[in-house]
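Just so you know, the protein sequences line up as chains G and H, in that order.
My numbering puts the first residue of the first sequence at 1484, with every later residue one more than the last.
My numbering puts the first residue of the second sequence at 7, with every later residue one more than the last.
Encoded as structure tokens, the structure appears first; notes follow it.
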Amino acid sequence: MKALRVAAAWLALILLGRLASAQELSISASVNKNVVSLQDQIALSVTVSGPSASLPEPQLPSLPNFTVYSSGRSQNLSIVNGQVSSSIAYTYILTPRFHGKVTIAPISITAQGKKVETAPIDIQVVRDPGAAGAHRGSPGPASPAPGTAGKDVQPLPAAPDIAITASVDKKKVYVNEQVTLSVRFYAAVPLLGNPQYVPPSIHGFLSEDLPPERHQRASLHGRVYSVSEIRTALFPTRPGRLVISPAMVRCQVQSDMNADPFAPDFFQRFFSQGVFSGQTRELKTDSIVLQVEPLPEQGKPDSFSGAVGRLRATAEADKRQAQVGEAVTLSITISGSGNLKTVAPPPLPAIASLRAYDTLSSLAIRKEGDVVQGSKTFKTVLVPRASGRLSIPSVPFSYFDPARQSYVRAGTQTIELEISPASATSPAASFVASSAAAPELSAIGEDIRYIHESQRRNTVSAGLVAFGRLNTLHILPFSAFLLSLGLHLYRKKINADPAGARLRAALSNAQRSIRRAEKRRADGEPGPACALLWDALEDFLSDTLNQPVSAMTLRQTMELLQARFPRVPQDAWSDLKTLWEELDLLRFAGANAATPPRVAQLATITSTLLKKIDREMRA
Amino acid sequence: MNDSLARANALYKEGNYQAAAQAYQNLLLERPGSADLHYNLASALFKLGEPGSLGRATAGYWRAFRINPRDADIRHNLDFALKRSGESLVPPGIPPALHVTFHSLSGPELLGLQWIGGWLSLLLASVALWRAASRVRLRPWLAAALLFWALGACWWGLRRLNDVPGPGVIAENNAEVRSGPGINFPVTFNAPEGRRVSVLEESGEWLEIGVLKEGLRGWARNKAIEKI
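Here it is, written out as structure tokens:
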């Protein structure tokens, strides 16, 4: 329930905030004069202001009684305590087309579904310029006085009734350099209604109107012309041959009737067309070709971002002393002549102890002397993160000056700030205590980490490294493995032929028993020694025949031996028979039957005989 | 040793980086394998801020990193120094966690680890061959040891493949790199101080180097290169 109440409160706050922001938007409109002649112009200023850097554009109502030109816009921006407010002034030039009372309907803007509009403005259009001058309000845009011949009026090759010309102030320009296009309309005869002007189609240029429309009188080839002139500033966007296509004027001039006014059809013609008939004429200028030079690569500074003209850069901070966490607005202004709309914000150098927020820009353009000029201001909110003397270094900016045909570096001046530590009562210092959320923490500088004041030892690491450096000792486990493998294979082979293995081990087993017998004899035990000698003989024969001989008689044993090993000499079998009988006798004769010397002899005989038989068997 | 180290640390703390660097250099003659001494020497050189000291500092951090890659301070400072010359410790596109894991052991440690796996595997196999009765009991241990050995060997092998052959660092500001070993060969590019290179060949007082990041190669004077 509590959560619901909190959510509802937030929702209400958000809605109120949105409503407030919509309500704070305002629009106003004014004209420089309310009474105007057909040959004059009105400057209509529409100002939109609100609490945001991006404001909606006003929607002009339908103005069929006027020819409307846009004369540019200028924006003012202010940031106070982090709150942004701005206003944009749009200027339109209105040229009346018909006389009489005209009402400019409300001009509106729409923001978040809410429409805000101005009050309607009444305009009186009169035929007589003198009457208009009597009601003139504030001074309007300067225009040459009617009736005076303009000194820059182009001569015409002949003396037609009406003519149109187009010219530029220069034919060879650099990319983004201003070139002024002048379209002049000459009329030596009365026109029926206002002429309709179709501006030239321009591709590859950015354009700016240069109001007001000039009107003057000029005497050429013995004729007096009413001259109307429209000027436009063009900025080429790419190098190469760029073409300005023809401009066109469509107008109606009166043409005399060549027919006899007393002809029979005079009345018919009079009532159907009048005495003078209107003739629609379309006049076109010639195309103009411009040679646009690319900006030179040589000497192009790193900070160059395309600005062309004659400019200067200045920087200013709204305060020179601040506390940590207190916002300081840095304004960088680029001013001078050139296409300021395309000037990009100069990159701020990184300053570790200052946090920079988004940059907002405002533009103020003037067109004095048909030169697009003014200033563009980039405002950046900087928040100091450390106390002390901070220096905002020069912000690099450069532009190309077509007159000098070279790049110009125009960095801003250095700004020194004195930053004091945040006081305990300042908002920047107390936000931690007042906010339940964790304070935001961010690094204000970077450096290497501190040295290691003591040497740390890692015994595991040292052990691993030492073990890896045993070098030739690493052969040991391989050797052990190979040895085990060999033994394993040997064992496997032995297990595959048990009779053969027993035969091969027969002599060594017998020799072991003989050695034990000699040891017993040496210990003075001839009886057990004799028994051991018998065991040696019996084991040898059992291993040789792969069957126990204890259960066999001497005769059976001898027959088996002779049958199995026929290559053993007969005398060996005879000696074996003799030895068998003597040992068999002694082992049953008791302990005193065998003397030690005889036992020693028997051991020698047994050993010699068994070796001989074994050798013969293997042969 | 401890007193000498304390004196060197005191010099560093006072900001006398030149003397501190000399002191750490003397200590390194006694213990050339100490990652901490390489790290401290590199820090003193970095703080010195003289021409060539960034390259030598980067080389010092790199030496320390090769000995003890797990140390967070060494990683940080090496990365910090490399960024001064337009490089970074973790190559672009590689997750940092993967890089930290891959370099969690030094090359000699990995070699020791894979030999431990080898010894365990071979000795267990020998026992199993020798004593048939224990063969079944030893089988899982033998499998684990073999796996340990295989992983250790693969890791060590990958690190060897990934290691820079003939590692070195540019120790001269905008060192001139020529197309051949001599001043009669034209300069083909300038290498920024602190950039890691691979020393490929040596000819007199000239070294053929390959710049790792851009894949360029050429010849530079040996005094412009700090070998690792």
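Where is the CB? At the ideal position from N, CA and C, for every residue including glycine.
For clarity, every value in this text was computed on a predicted model and none was experimentally measured.
- Under the 10 Å beta carbon count, residue 1661/G is surrounded by 16 or more other beta carbons and is classified as buried.
- Listed as beta-bridge partners of residue 1542/G by DSSP are 1591/G.
- Residue pairing by DSSP puts residue 226/H in a beta bridge opposite 213/H.
- The shortest CA-to-CA distance from residue 1513/G to any of 1542/G, 1590/G, 1721/G, 1553/G is the one to 1590/G.
- Chain order gives the chain G residues near residue 86/H as 1929, 1930, 1931, 1932, where near means a beta carbon separation below 9 angstroms.
- Taking a contact to require three or more Cβ pairs closer than 8 angstroms, the stretch 110-120 of chain H and the stretch 140-159 of chain H qualify as touching.
- DSSP, reduced to helix, strand and coil, places residue 100/H outside both helices and strands of the structure shown, so it counts as coil.
- Taking a Cβ-Cβ cut-off of 8 angstroms, residue 109/H has no neighbours in chain G, whose nearest Cβ is about 14 angstroms from it.
- Assignment of residue 86/H by DSSP, reduced to helix, strand and coil, places it in the helix class.
- The residues 1727, in chain order, have a CB closer than 6 angstroms to that of residue 1685/G in the same chain once the five nearest residues on each side in sequence are set aside.
- Think of a sphere of 7 angstroms around the beta carbon of residue 128/H: the chain G residues whose beta carbon falls inside it are 1960, 1961, 1963, 1964, in chain order.
- Residue 1794/G sits close to residue 1821/G, with the two beta carbons spaced by under 8 angstroms.
- Non-local beta-carbon contacts of residue 39/H in its own chain, meaning distances under 7 angstroms to residues more than five positions away in sequence, involve 73 in chain order.
- In this structure residue 1789/G is not in contact with residue 1823/G, their Cβ atoms being roughly 12 angstroms apart against a cut-off of 8 angstroms.
- The shortest C-alpha to C-alpha distance from residue 1719/G to any of 1792/G, 1702/G, 1784/G is the one to 1792/G.
- In the DSSP assignment, residue 1934/G falls outside any alpha helix (DSSP H) and carries neither an H nor an E.
- In this chain, the alpha helix (DSSP H) harbouring residue 2015/G covers 2009-2028.
- Here residue 1933/G is exposed, its C-beta having fewer than 16 other C-beta atoms within 10 Å.
- Residue 1807/G and residue 1840/G have their C-alpha atoms spaced approximately 15 angstroms apart.
- As the crow flies, the alpha-carbon of residue 1707/G is around 53 angstroms from that of residue 1568/G.
- In the structure shown, residue 1731/G adopts extended strand secondary structure according to DSSP, grouped into three states.
- Under the 8 angstroms criterion on CB atoms, residue 224/H is classed as non-interfacial with respect to chain G.
- Secondary structure at residue 1897/G: coil, using DSSP grouped into helix, strand and coil.
- Interface with chain H (8 angstroms Cβ-Cβ cutoff): residue 1939/G is included.
- The residue from 1880/G, 1943/G, 1517/G with its alpha-carbon nearest to that of residue 1784/G is 1880/G.
- In terms of CA proximity to residue 1702/G, 1644/G leads the group 1644/G, 1652/G, 1986/G.
- Counting along the chain, the unbroken beta strand (DSSP E) around residue 1774/G starts and ends at 1771-1776.
- In this structure, the CA atom of residue 83/H is about 51 angstroms from the CA atom of residue 1557/G.
- Per the Cβ contact rule, the stretch 1761-1779 of chain G is not in contact with the stretch 1857-1866 of chain G (fewer than 3 Cβ pairs under 8 angstroms).
- Contact note: residue 1951/G reaches chain H through 114, 117, 118, 121, using a C-beta cutoff of 7 angstroms and chain order.
- Residue contact check for residue 1775/G against chain H: no CB pair falls below 8 angstroms.
- Distance from residue 1897/G to residue 1870/G at the Cβ level is roughly 19 angstroms; contact not present, criterion being Cβ atoms closer than 8 angstroms.
- Residues of the stretch 47-76 of chain H that bring their beta carbon within less than 8 angstroms of a beta carbon in chain G comprise 49, 50, 52, 53, 74, in sequence order.
- Membership of residue 2067/G in the alpha helix (DSSP H) is indicated by the continuous run 2053-2072.
- Residues of the stretch 7-29 of chain H with a C-beta less than 9 angstroms from any C-beta of chain G: 7, 8, 11, 12, 14, 15, 18, 19, 26, listed in chain order.
- Beta-bridge annotation (DSSP): residue 1709/G is paired with 1670/G, 1700/G.
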